[in-house]
Each structure stands twice: as structure tokens, then as C-alpha cells.
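Heads up, the sequence shown stops at 296 in my numbering, and the numbers go up one at a time, no gaps. All residues carry an ideal CB built from backbone N, CA and C; glycine is no exception. Worksheet for the structure shown next.
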Amino acid sequence: MIIDLSDINPMQKQQWLQHAVAPRPVCFASTIDKEGNVNLSPFSFFNLFSSNPPIVVFSPARRVRDNTTKHTLQNVLDVPEVVINIVDYEMVQQVSLASCEFPKGTNEFIKAGFTEEAATLVKPPMVKESKVKMECKVIEVKPLGTEGGAGNLVICEVLRMHVDESILNTEGTMIDQRKLQHIARLGGDWYCKVDEHSLFHVAKPNTQLGIGIDALPDTIRNSSILTGNNLGQLANVHDYPVVDATFEDERLKNIIQYFSINPDEMDKELHRYAKELLDAGKVNEAWQVLLADS
Ligand SMILES: Cc1cc2nc3c(=O)[nH]c(=O)nc-3n(C[C@H](O)[C@H](O)[C@H](O)COP(=O)(O)O)c2cc1C
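Below is the structure:
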């Protein structure tokens, strides 16, 4: 299916894009107006764009429905400061409640049952219940259009972070990713939760270059058993692996013995075993199994 964005209406654009560009982290923005009235609203058009300088951007859009603008936008234009509170699973229902279109001047801390905690460098208060809060200075507000659905980039410099000690690693030196259960927004009413079941590692290809999928032998590259992910793992090694004479493996021995009269079946069996090893993150072992093929 091909969708030309110029052929569909603003609501459809929003729907297609939000289902596709997902999941999006949620910024819970605390701002104040000129009179000092507090506002608290969630925005999933949000991300980190630079670490030095430390820049995050969120976007209160013009409403698709009637092209009106959000209180948060007016507030940051009047008082260019914001506290961005990171949303975790324990907060998600209250955060959603805070997104109701309460009349101007309504304090969503009160409506949604959150506790104000004074920030140290900026005037808007922090959300006490949030486990990571970022005090920010708004350095630019960039409108992206004038029609309903047009975003307004609120470009923020993070001045200070407050991190709850309960989510730190045992050394207390960094956030333990497993302890901060982020939520994120997708299309429609869908959200996802980041926890130990949804997290996984991907070995980072760093300055050491991977050999690349084009360097894999045809038998591996065209395997009917190994997946694209498996090939990616195999091709991420820095040097083309060689047979390790010290590699002892009972199952490998059995495969070679049992299938020696049928090389095609042996190939498949070795690929099946290599796949199991790769899916368990054992890249070196998988390579040894595949090298036994030659
Ligand atoms: C999880 C979540 C994410 C949202 N993300 C956005 C967003 O990125 N941009 C936007 O304009 N509105 C977004 N909304 C809707 C606003 O939160 C909502 O319009 C809010 O009432 C604006 O409040 P304000 O007028 O007090 O600023 C989101 C709502 C929820 C629940």
C-alpha cells in the first residue's frame, strides 16, 4: 500500500504517522503562564537531539480538530522555562488524565493527583512522583506551520537532571535501564511498557568494523534457516573467524557423526544449531558450528 501524504486529510495523516513512528517516549511538561499559573501536559512528540549541548525537543501541535493551540505552547512563549518529567508505568493513567483539555488556568497537578516539588533553577515545579526530571531553559520555539496538526518545536536545553536513587545501578553511577519502566505512545490508544521482558541487548558495532553480510559465504547468506538478525550478528565480527581447535561441543560432534552421509541435511542441522546459539547471543560458538560445515 502506498500513501501519499498530500492525498489524505489531516486526521488521517496524524493516524498513519503516529502508528508508524512509534513508540515515542512521553515528556510530561510542567510550565507556567505570566501570572504564575501552573500547567502540566504530556507530549509524545518528544526526543533527545543532542547531548552536548544537552537538547531535548517536544512539540505541542495545533489541534487538527479546530486549529487551536495548547496552553503549554502559550506558556513557553511567555515564560521560556519548562520541567520535563519522564513518565514511567506507575504514572501512566494519571498522565493520560492530565491530557484532558481543562480550561486555561487549571493546574493539572491537582486534577491528575501529582505533587508539586520546587525546581531549583527554573520557576515551573517538578512532578515529585516522576523518577527523572529535567530542568530546562527554552532556547527556541519553532512553528512548523499554521494549519491544524502543525507542530511547534519547543527546543529545550537541559540545565539539571534529578534522578531518583531507586533507579540507579548498584554502584550508583548510572540509571539501571531495568529499573525505570518507561512507557511510550504508539498509534491510537496503544502504549507500550519497557521492562525486563521487552528489553534486550544488541552488541554495539563500535569503531571496530564488522565484516559485513557481503563477506559471509553464500551457504550462510542464503541459508533458509538463519534470519536477517542472525546474519547481522554473524557479520558484526571484526575478523573473519577461524576454526578453534579447542572448541569442544558434544552436540556438534553428534551432528557431524549422524549426518555425515547426507551433507545437505548436515548443513541444515548445523544452521539450526547455529541459530539456537545466535538467538541465545552466543556468536563465537555459532561461528564454530558453522565453520564445521566446510
Ligand atoms: C501520552 C500523550 C501524549 C501526547 N502527545 C502530544 C503531543 O506530542 N503533541 C500534542 O500537541 N499533544 C499531545 N497530547 C495531547 C496533549 O497532552 C493535550 O492536548 C493537552 O491537553 C495539552 O494541554 P495544554 O493545552 O494544557 O497544554 C498527548 C496526550 C497524551 C495522553
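Delimiting residues of the beta strand (DSSP E) encompassing residue i
{"i": "Asn-286", "result": "Unbroken run through Asn-286 is the alpha helix (DSSP H), 285-293; no beta strand (DSSP E)."}
{"i": "Ser-53", "result": "48-53"}
{"i": "Lys-133", "result": "Element bounds for Lys-133: n/a, residue is neither H nor E."}
{"i": "Asn-1", "result": "Since the first residue of the chain shown is 3 and the last is 296, residue 1 is not available in this structure."}
{"i": "Thr-117", "result": "Taken as a continuous stretch (DSSP letters only), Thr-117 belongs to no beta strand (DSSP E), as it is neither H nor E."}
{"i": "Pro-56", "result": "56-60"}
{"i": "Lys-15", "result": "Element bounds for Lys-15: not the beta strand (DSSP E) but the alpha helix (DSSP H), 12-22."}
Residue i: CB within 8 angstroms of a non-hydrogen atom of ligand 1
{"i": "Phe-45", "result": "yes"}
{"i": "Leu-75", "result": "yes"}
{"i": "Phe-104", "result": "yes"}
{"i": "Ala-63", "result": "yes"}
{"i": "Lys-72", "result": "yes"}
{"i": "Ser-32", "result": "no"}
{"i": "Ser-101", "result": "yes"}
{"i": "Val-58", "result": "no"}
{"i": "Phe-116", "result": "no"}
{"i": "Asn-41", "result": "yes"}
{"i": "Ser-132", "result": "no"}
Straight-line gap, residue i to residue j (C-alpha atoms, nearest Å)
{"i": "Pro-127", "j": "Glu-198", "result": "31 angstroms"}
{"i": "Ile-215", "j": "Leu-292", "result": "15 angstroms"}
{"i": "Pro-27", "j": "Asn-256", "result": "48 angstroms"}
{"i": "Thr-248", "j": "Ala-294", "result": "13 angstroms"}
{"i": "Leu-42", "j": "Val-84", "result": "10 angstroms"}
{"i": "Arg-162", "j": "Lys-130", "result": "15 angstroms"}
{"i": "Cys-194", "j": "Asn-238", "result": "29 angstroms"}
{"i": "Lys-277", "j": "Leu-146", "result": "47 angstroms"}
{"i": "Gln-290", "j": "Asp-6", "result": "48 angstroms"}
{"i": "Thr-148", "j": "Arg-64", "result": "8 angstroms"}
{"i": "His-240", "j": "Gln-210", "result": "6 angstroms"}
{"i": "Ala-114", "j": "Leu-99", "result": "6 angstroms"}
{"i": "Val-124", "j": "Glu-159", "result": "12 angstroms"}
{"i": "Ser-101", "j": "Pro-44", "result": "6 angstroms"}
Limits of the unbroken alpha helix (DSSP H) element including residue i
{"i": "Ala-114", "result": "110-114"}
{"i": "Glu-271", "result": "265-281"}
{"i": "Arg-223", "result": "220-223"}
{"i": "Lys-255", "result": "252-260"}
Counted within 10 angstroms of its Cβ, other Cβ atoms place residue i as buried (16 or more) or exposed
{"i": "Trp-192", "result": "exposed"}
{"i": "Met-21", "result": "Reading off the sequence shown, one finds His at residue 21, where the question assumed Met. It is exposed - the Cβ of His-21 has fewer than 16 other Cβ atoms within 10 Å."}
{"i": "Phe-51", "result": "exposed"}
Closer than 8 angstroms: residue i CB and nearest ligand 2 heavy atom
{"i": "Glu-110", "result": "Judged by which ligands are present, ligand 2 is missing from the structure shown, whose ligands are ligand 1."}
Opposing strand residues paired with residue i [DSSP bridges]
{"i": "Leu-155", "result": "Lys-144"}
{"i": "Phe-104", "result": "In DSSP, Phe-104 forms no bridge with anything."}
{"i": "His-184", "result": "Asp-90"}
{"i": "Leu-170", "result": "Ile-177"}
{"i": "Val-85", "result": "Ser-32 and Glu-137"}
Interface flag, residue i vs chain C, CB-CB below 9 angstroms
{"i": "Val-160", "result": "The chain inventory of the structure shown lacks chain C, comprising one protein chain alone."}
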